[in-house]
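Chains as they are written, first to last, in my numbering: chain G, 20 to 525; chain S, 985 to 1072.
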């Protein structure tokens, strides 16, 4: 039986001198990365990190982060990667939901949590950039022996990554991905896009998202080269693709829209190395897609998926020219059902909730086994997305049933924003909703109703949000209304909000 | 003396905020960095950053200041905030 660590260490031997990874001007061969991963694994073991333990990490894109993922896989530990810009209180809640005991972070984070009561962090503490009292420095990792850890007891059932999503009450809902989940997902994408050891695969989204994790793990399983962009700007992306001769990547559609815009200007580097680009997160406008196909001169795929299910459908636009608005056909082994509200299947061609049966389904919500059971109907995961399937079996995405704002490819749960804004004493009620944005697809908009006789300045809301929400959760538009739209039962009808605020200055 | 303290506070605050996710590479001229162009802050984060700066130093940026390319250059932004904080 194969595991991530077995495959990786096999490649360390087979491709010892080959470039394994590049990030921000630094690179390592497979032999060097193998040594680094072993030292990291030995460090974790020496500090009492055991199989099944969860390590919290405000993660950024670096070779160290990738080495940590492989080291965790080698010792059977799990990671709870988190966006470092999230306010400490939210990180605290996420770490508690993920049963985090160990912490690996930069100095800035240790300074941020100074004085906070986080008693559950009683295991290993490592500072990635310099010295901090009470934490090991990275020199201690590098001083460890480079002997391969004993990976025989790893069987693939171990939790490798907890991805934080948000529950309806705003409580973190960690999505659990085991080593087998990650391996199966990587293998499915290797088959789907015919990826080989010759590929140079770019990850350009943050590593605390499952997409980038997949893109960095995948090449290391087959002896290919992982190219990791430290931060994204369209210029950095294009230069990296050119200089690092990237052959394959999956990007979120908001990134690709910005790249397409840049490609239409005269002074851009010519790109000739790409053989395939995949767009994820939201459907691209056909003119943007055509611009990309023409300028990047490569195959162009789009996909539909969710964090729980991974990729569900895929489409190659060179092969399916008459299906420009579709998100494609299901991957091999994946079944689709379109459900009515009562859970029965709708008539062929009708719109309903997309439900998916897939071997790539995550292991569940960590510590919340009931919650996954509730989301499944007859083994099909209810995605909360709406769509229909045409007579040829192609899926079309029509919208979202669940409350979610996707801004620049990042999920924002409206209830997280609403909970924070509701804490303002002047606020009677509020609603966060998606607002169309050409560049980012959607941005967060906020409708606020003040209590009778009280007023609130937009600025006060902005300051409160700046202090209590992460950067991607900030409302870009704030509208003050006398009431929120509700149906006859008194239930909030958010779908009416964009219409209500049209023409208003947010 | 007070002026010097404000200067240091502004500089420390801005450099820390910009490195929340990624540290500047050692050896680079930090003050010359265009933090948007070089991806240290994305367009989602800038909304929060502006509000935090205004709140922390009791200042308010004009639309022209926010639209100026200088606003995105570390050294020039530090100078702008210092100047505004000293005035208010």
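Every residue, glycine too, gets a C-beta built ideally from N, C-alpha and C.
A quick note: this is a predicted structure, and the numbers were derived from the prediction, not measured.
### Task
Under 7 Å between beta-carbons, which chain S residues line up against residue 103/G? List them in chain order, please.
From the beta-carbon of residue 103/G, the residues of chain S found nearer than 7 Å are 1004, 1005.
### Message
For a test of the three-state rule: what should DSSP assign to residue 491/G, helix, strand or coil?
### Response
helix
### Query
For residue 306/G, does the count of other Cβ atoms within 10 angstroms reach 16, so buried, or fall short, so exposed?
exposed
### Message
Going by DSSP, what residue range makes up the alpha helix (DSSP H) through residue 1064/S?
### Response
1058–1071
### Message
The beta strand (DSSP E) that contains residue 245/G, what's its start and end?
### Response
244–247
### Message
Just checking: is the beta-carbon of residue 438/G within a distance shorter than 8 Å of some beta-carbon in chain S?
### Response
No, its Cβ sits nowhere closer than 8 Å to a Cβ of chain S.
### Query
Which full runs of the beta strand (DSSP E) of 3+ residues lie inside the stretch 158–198 of chain G, going along the chain?
178–185, 191–197
### Query
How should residue 245/G be labelled, buried or exposed, when 16 other C-beta atoms within 10 angstroms of its C-beta is the threshold for buried?
buried
### Query
Could you give the uninterrupted runs of the alpha helix (DSSP H) lying entirely in the stretch 43–121 of chain G, keeping only those of 4 residues or more?
49–65, 82–94, 107–116
### Query
Can you give, in chain order, each stretch of the beta strand (DSSP E) that sits fully within the stretch 220–263 of chain G and has at least 3 residues?
244–247
### Task
Could you tell me how far apart the beta carbons of residue 98/G and residue 180/G are, in whole angstroms, since I believe they sit closer than 8 Å?
Confirmed, Cβ separation roughly 5 Å.
### Query
Going by other Cβ atoms of all chains shown within 10 Å of its Cβ, with 16 needed for buried, is residue 215/G buried or exposed?
exposed
### Task
Check whether the Cβ atoms of residue 528/G and residue 80/G lie closer than 8 Å to each other.
Residue numbering for chain G in the displayed model covers 20 to 525; residue 528/G lies beyond these limits and cannot be assessed.
#### Entry: Beta carbon proximity, residue 255/G to chain S, threshold 8 Å
yes
### Query
Among residues of its own chain, excluding the 5 on either side of residue 416/G, which ones have a beta-carbon nearer than 7 Å to its beta-carbon?
302, 323, 346, 404, 406
### Message
Measuring only the C-alpha atoms, how far is residue 369/G from residue 1056/S?
### Response
In this structure, the CA atom of residue 369/G is about 49 Å from the CA atom of residue 1056/S.
### Task
May I ask you to report which of helix, strand or coil DSSP gives residue 322/G?
strand
### Query
For residue 316/G, does the count of other Cβ atoms within 10 angstroms reach 16, so buried, or fall short, so exposed?
exposed
### Message
Please tell me whether residue 992/S has its Cβ less than 8 Å away from any Cβ of chain G.
### Response
No, because no Cβ of chain G sits closer than 8 Å to the Cβ of residue 992/S.
### Query
Could you check where the beta strand (DSSP E) with residue 502/G kicks off and where it finishes?
Taken as a continuous stretch (DSSP letters only), residue 502/G belongs to no beta strand (DSSP E), as it is neither H nor E.
### Message
Whole angstroms are fine: how far does the CA of residue 197/G sit from the CA of residue 52/G?
### Response
23 Å
### Query
Of the choices 84/G, 160/G, 292/G, whose alpha-carbon is the least far from that of residue 217/G?
292/G
### Task
Say whether the stretch 496–513 of chain G touches the stretch 113–125 of chain G, bearing in mind that this needs 3 or more beta-carbon pairs closer than 8 Å, one atom from each stretch.
no
#### Entry: Which listed residue (1066/S, 1019/S, 1001/S) has its alpha carbon closest to that of residue 1041/S
1066/S
### Query
Do you know offhand how far residue 364/G's Cα is from residue 57/G's?
50 Å
### Task
Drop a sphere of 10 angstroms on the beta-carbon of residue 518/G, count the other beta-carbons inside from all chains shown, and report buried for 16 or more, exposed for fewer.
exposed
### Length-filtered (4 minimum) alpha helix (DSSP H) runs lying within the stretch 299–347 of chain G
305–315
### Task
Would you check if there are 3 or more beta carbon pairs closer than 8 Å linking the stretch 82–90 of chain G to the stretch 35–50 of chain G?
yes
### Query
Using a C-beta cutoff of 8 Å, does residue 482/G count as contacting chain S?
yes
### Query
Relative to the alpha-carbon of residue 159/G, which residue among 150/G, 308/G, 166/G has its alpha-carbon at the smallest distance?
150/G
### Task
Please work out which residues of its chain come closer than 8 Å, Cβ to Cβ, to residue 412/G, disregarding the five sequence neighbours upstream and downstream, and give them in chain order.
348, 349
### Query
How would you call residue 1022/S, buried or exposed, if buried means at least 16 neighbouring beta carbons within 10 angstroms?
buried
### Task
Under 8 Å by Cβ, that's how I've got residue 1033/S and residue 1001/S pegged, so tell me the actual separation to the nearest angstrom.
Indeed, because the Cβ distance is near 6 Å, the residues count as touching under 8 Å.
### Query
Should residue 988/S be flagged as near chain G, meaning a C-beta pair shorter than 8 Å?
no
### Query
So which of 35/G, 39/G, 28/G, 255/G has the shortest CA-CA distance to residue 168/G?
28/G
### Cα-Cα separation, residue 331/G to residue 357/G
13 Å
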